[in-house]
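Numbering (this note's numbering), first residue to last: 22 to 357. Written out below as structure tokens is the structure these notes cover.
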Ligand SMILES: [Fe+2]
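Below, the structure written as structure tokens:
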């Protein structure tokens with residue numbers, strides 16, 4: 022239990038942090054437009070998470086700062102991904118605001134939306150409502166035709182698999198049907214011999230500092246903050262292949278790296294696969310670890326031998342190079 026003094030200090034810190042993050046886009050000098058590091062880049066895409074949008078001018082305004090930066094890229098992006106908790110509660114009004122705002126900006130020909138737990142909390146919170154609403158607004162906001170909350174696509178030929186919860190829990194509800202589908206899609210993706218990008222809003226259980234990093238609390242249940250029941254089954258499939266990049270959000274930490282004091286990192290290397298946890302785009306909260314600020318995410322640049330992750334604050338148009346990461350690409354996946 023926080024003392025009254027500690028609670029007051031925390032309230033003041035949150036208030037200050039909120040003000041700082043809201044005014045940052047106005048006060049910081051734009052550095053450099055988004056451009057590829059090297060000419061032999063095969064594909065480049067931007068990924069953010071947890072925009073928590075609703076019909077609120079501050080949240081939509083912060084989103085638009087980032088969209089402006091993305092749309093003004095010197096080298097047009099091959100894709101733009103929002104990795105879940107796109108809306109604050111999944112209501113139609115939230116999604117209409119997302120579609121209207123996203124459609125104002127020409128960022129890429131391949132915008133990808135991923136379902137987060139907050140996106141499952143609209144209407145009557147049933148899987149039918151969530152699926153139909155997500156399908157409708159994926160079409161309205163990105164032009165993409167999907168049939169389920171999980172689907173496959175590609176970025177310049179690189180396979181992309183998107184997972185999505187079929188329930189309204191904070192963890193992910195992944196049916197056996199979806200797990201089986203994932204196994205099949207991973208086998209097909211591996212046959213390309215290319216790195217495979219998997220997006221899921223929730224990270225694997227116990228990764229990126231979980232369960233501690235969920236609320237910075239030592240006493241959480243081991244599965245807290247992760248995918249939940251299906252985590253082990255999905256990870257067992259991922260582990261079978263080379264060069265899998267699994268990209269999540271959900272935890273609401275900021276950028277962290279090996280030099281961070283928190284003991285967990287945004288990017289975890291595990292031999293054949295790499296786990297990337299995107300920072301929270303819009304939900305400043307000083308009790309979470311890492312470089313907390315509105316507007317953050319990564320630009321991924323794919324090369325033949327490596328994948329560069331370039332940390333950026335899209336709302337301020339500034340690179341955060343201390344959080345960049347390089348993922349080596351090992352010899353290709355064997356043909357299935
Ligand atoms: Fe979130």
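Glycine is no exception: its CB is placed at the ideal position from the N, C-alpha and C atoms.
Check the C-beta distance from residue i over to residue j and give it rounded, since I have them as a contact under 8 Å.
i: residue 246; j: residue 231; result: 4 Å
i: residue 129; j: residue 98; result: 4 Å
i: residue 332; j: residue 316; result: Not a contact, Cβ separation roughly 11 Å.
i: residue 134; j: residue 162; result: 6 Å
i: residue 271; j: residue 312; result: About 17 Å; that fails the 8 Å criterion.
i: residue 118; j: residue 157; result: Rounded, the Cβ-Cβ distance is 14 Å, inconsistent with contact.
i: residue 265; j: residue 195; result: 17 Å between Cβ atoms; not a contact.
i: residue 338; j: residue 90; result: 5 Å
i: residue 56; j: residue 95; result: 4 Å
i: residue 170; j: residue 151; result: 7 Å
i: residue 103; j: residue 72; result: 6 Å
With respect to the beta strand (DSSP E) encompassing residue i, which residues constitute its N-terminal and C-terminal limits?
i: residue 318; result: 317-323
i: residue 294; result: 294-298
i: residue 332; result: 327-334
i: residue 268; result: 265-269
i: residue 198; result: Premise fails: residue 198 lies in the alpha helix (DSSP H), 197-211, not in any beta strand (DSSP E).
i: residue 64; result: 64-69
i: residue 259; result: Segment 252-259 is the alpha helix (DSSP H) holding residue 259; no beta strand (DSSP E) there.
i: residue 180; result: 179-183
i: residue 218; result: 217-220
i: residue 173; result: 172-176
i: residue 224; result: Taken as a continuous stretch (DSSP letters only), residue 224 belongs to no beta strand (DSSP E), as it is neither H nor E.
i: residue 100; result: 100-103
i: residue 348; result: 346-349
i: residue 132; result: 132-134
Starting from residue i, trace the alpha helix (DSSP H) in both directions and tell me its first and last residue.
i: residue 290; result: Careful: residue 290 lies outside any alpha helix (DSSP H), inside the beta strand (DSSP E) at 288-291.
i: residue 159; result: 148-163
i: residue 13; result: Residue 13 is absent from the structure shown; the chain starts at 22 and stops at 357.
i: residue 84; result: 78-92
i: residue 236; result: 233-236
Which residues in the same chain have their Cβ closer than 6 Å to the Cβ of residue i, if we skip the five residues on either side of it in sequence?
i: residue 293; result: 263
i: residue 343; result: none
i: residue 281; result: none
i: residue 204; result: 258
i: residue 182; result: 173, 206, 219
i: residue 132; result: 101, 163
i: residue 252; result: 225, 226
i: residue 244; result: 226
i: residue 353; result: 214
Once the 5 residues before and after residue i are set aside, which same chain residues still bring their CB inside 7 Å of it?
i: residue 142; result: 110, 111, 189
i: residue 159; result: 134, 165, 167
i: residue 239; result: 233
i: residue 127; result: 92
i: residue 283; result: 230, 277, 310, 311
i: residue 362; result: What the structure shows of the chain is the stretch from 22 to 357, and residue 362 is not part of that stretch, so it cannot be assessed.
Once you ignore the five residues that flank residue i on each side, which residues in its own chain have a CB closer than 8 Å to its CB?
i: residue 154; result: 111, 113, 116, 143, 144
i: residue 357; result: Low confidence applies to residue 357: its pLDDT is 40, below 50, so where it sits in the model is not reliable, and the reading given next is rough at best. So the qualifying residues of the chain are 208, 209, 211, 212.
i: residue 279; result: 286
i: residue 324; result: 59, 61, 62, 63, 350
i: residue 275; result: 300, 301, 309, 310, 311, 312, 313, 314, 317
i: residue 347; result: 327, 328, 329, 330
i: residue 123; result: 88, 132, 162, 163
i: residue 138; result: 105, 106, 186, 189, 190, 191, 192, 193, 222, 223, 271
At a cut-off of 7 Å, would you count residue i as near ligand 2, judging by its Cβ distance to the nearest heavy atom?
i: residue 302; result: Only ligand 1 can be found as ligands here, which leaves ligand 2 out of the picture.
Check whether the Cβ of residue i lies closer than 8 Å to any Cβ atom in chain B.
i: residue 269; result: As a matter of chain content, chain B is missing from the structure shown, which is built from one protein chain.
*Considering only heavy atoms of ligand 1, list every residue whose Cβ is less than 5 Å from one of them, following chain order.*
71, 106
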